[in-house]
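Okay, so the sequence shown: first residue is 1 according to full-length UniProt numbering, each after it adds one. A virtual CB, placed ideally from N, CA and C, is assigned to each residue, including glycine. Since this is a predicted model, take the numbers as computed values, not measurements. Have a look at the structure below, then the notes.
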Amino acid sequence: MAAQSTIEQPEPTAPARTPVPAARRRDPAGAGLLRLVQGTWRPAAVLAAIFVVWWAVTAAELVKPYLVPSPGATLDVVLDQGSYFAHHTWITTYETVLGFAIAIAVGVLSAVVMVYSPTVEKSLYPLLLFAQVIPKIAIAPLFIVWLGFGLSPKVVVAVLMAFFPIVISTVTGLKSIDPEMLQLSATMGAGPGQTFAKIRFPAALPHLFAGLKVAATMAVTGAVVGEFVGANEGLGYVILQANGNLDTPTLFAGLLIMSLLGVVLFVVVEVLEKFVLPWHASRRTDAATTSL
1 MAAQSTIEQP EPTAPARTPV PAARRRDPAG AGLLRLVQGT WRPAAVLAAI
51 FVVWWAVTAA ELVKPYLVPS PGATLDVVLD QGSYFAHHTW ITTYETVLGF
101 AIAIAVGVLS AVVMVYSPTV EKSLYPLLLF AQVIPKIAIA PLFIVWLGFG
151 LSPKVVVAVL MAFFPIVIST VTGLKSIDPE MLQLSATMGA GPGQTFAKIR
201 FPAALPHLFA GLKVAATMAV TGAVVGEFVG ANEGLGYVIL QANGNLDTPT
251 LFAGLLIMSL LGVVLFVVVE VLEKFVLPWH ASRRTDAATT SL
């Protein structure tokens, strides 16, 4: 009787795990805070060094206090007149944000029209360049004459300051799309509206946000320039009044608050770009370099 051979059955193996995409991996606790610190400590250190030099120069009395006040004197003015600065800062902030929003709407619309109409582009582009070359402080008095001393002239100057970088960057972005992509979309039956919404505009967003960052700071400058020409409130008014009274602590305080307003608006655009364009190469590069 032949011996029966037994066949060993292979042991079942666990199914291979599908690797989790990097985009779905959750960062460990504190990783976001670490990236924030790594990305901001350098400018924070430079800013701290500037304030240290400022304090050292004033403490050593290398310049007269009425020319350059100390950081402490400037801070005391802000704390003592908190409501005063808060009111005027709010006025300038409102003018800046309103002008910035109008500039975005008008600038993007103008860019789209120029991209889809070569005739309009050839007609308006030289005029836009000519208008940008003209110093806004030179034409701001005209807006005071035409529109009065209210809110309108400040907003108009802010729009003019922020409009040019927005429209130029948007035109560049809308034209930067690969022609083969446009041909592919037309071959697949996409209409002009679908092509714009799915291909042209998403491809132009990185350029648009680059222009928005520049325009954000320019809008603050435009609002303050409008207040320089004619206003009875706002940071421009505060700076002019302090300059006329030789009140350098108040003058420096107004300048610092104006700068801080521009930085805050820039950061808002930067954060918005981070959420809208997480897929862009610049974002991936930032994530890689901050870990070095």
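Item, Value
"Just the Cα atoms here: how many angstroms apart are V97 and W41?", "28 Å"
"Look up D76 in the DSSP assignment and say whether it is helix, strand or coil.", "helix"
"Where does S110 land, buried or exposed, given buried means 16+ other C-beta within 10 angstroms?", "buried"
"Cβ atoms of S152 and H207: under 7 Å apart, would you say?", "no"
"In the stretch 193 to 250, which residue ranges form an unbroken alpha helix (DSSP H) of at least 4 residues, counting only runs that do not cross its ends?", "201 to 229 and 235 to 244"
"Do you know how far the Cα of E180 is from the Cα of Q241?", "59 Å"
"Return the chain-ordered list of same chain residues with a C-beta closer than 8 Å to the C-beta of N232, the five sequence neighbours on each side being excluded.", "F149"
"Kindly indicate which residue of P141, T250 and V268 has the alpha-carbon position closest to the one of D80.", "T250"
"Is Y66 helix, strand or coil when you go by DSSP?", "coil"
"Give every residue of the same chain whose Cβ lies closer than 7 Å to the Cβ of A23, excluding the five residues on either side of it in the sequence, and list them in chain order.", "At A23 the pLDDT is 44, less than 50, meaning the model places this residue with poor confidence; the figure from the coordinates comes in the next sentence. Once the five neighbours on either side are set aside, A23 has no close Cβ partner at all."
"Along the chain, where does the alpha helix (DSSP H) that runs through M181 open and close?", "P179 to T187"
"Beta-carbon within less than 7 Å of I144's beta-carbon, same chain only, minus the 5 sequence neighbours each way: which residues are those?", "P153, V229 and G230"
"Any chance the stretch 119 to 137 sits against the stretch 176 to 191, with 3 or more Cβ pairs inside 8 Å?", "no"
"Closest to V263 by C-alpha separation, out of E273, L205 and A216, would be which residue?", "A216"
"So the alpha helix (DSSP H) G82 belongs to, where does it begin and stop?", "G82 to Y116"
"Taking only three categories from DSSP, how would you classify I137?", "helix"
"Near G107, what residues of its chain come up, given a Cβ to Cβ distance below 7 Å and the 5 sequence neighbours on each side ignored?", "F163, I166, V167 and T170"
"Do V78 and A253 come within 7 Å of each other at the CB atom, strictly closer than that value?", "yes"
"Assess contact between the stretch 133 to 140 and the stretch 218 to 226, defined as three or more Cβ pairs (one per stretch) separated by less than 8 Å. Is contact present?", "yes"
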